[in-house]
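Read the structure below first, then the notes.
Residue numbers (the numbering used here): 1206 to 1296.
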């Protein structure tokens, strides 16, 4: 799933790929259409890459009511830097 967001003092949005891993508990799982709308809500939000990954992780952890959630965000290269942010764990 692709994520577009604006970063503070940047004119162009950062594009990223999200990898979400979790063990569903209580019969809850993520609906893809809702997840898509959730990601679109980040489009005009000024937030740093690490902060976006942390926010997605905390929101999913709360909604899924699971401690086994891991979010990996791989951002497109910008200025020669590759950025990958990981939050959470599965064990």
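Beta carbons: idealized from backbone N, C-alpha and C, even for Gly. In this text the structure is predicted, and so the values were computed from the model without any measurement.
Item: Residue 1277 - DSSP class collapsed to helix/strand/coil; Value: strand
Item: Endpoints, beta strand (DSSP E) assigned at residue 1291; Value: 1286 to 1294
Item: Proximity to residue 1223 [Cα-Cα], best of 1259, 1269, 1217; Value: 1259
Item: Any non-hydrogen atom of the ligand ATP closer than 7 Å to residue 1232 Cβ; Value: The ligand ATP is not among the ligands present in this structure, which contains no ligands whatsoever.
Item: Buried versus exposed call for residue 1296 [16 or more other C-beta atoms within 10 Å across all chains shown]; Value: exposed
Item: Residue 1227 in three-state terms, based on DSSP; Value: strand
Item: Backbone secondary structure at residue 1253 - three-state DSSP; Value: coil
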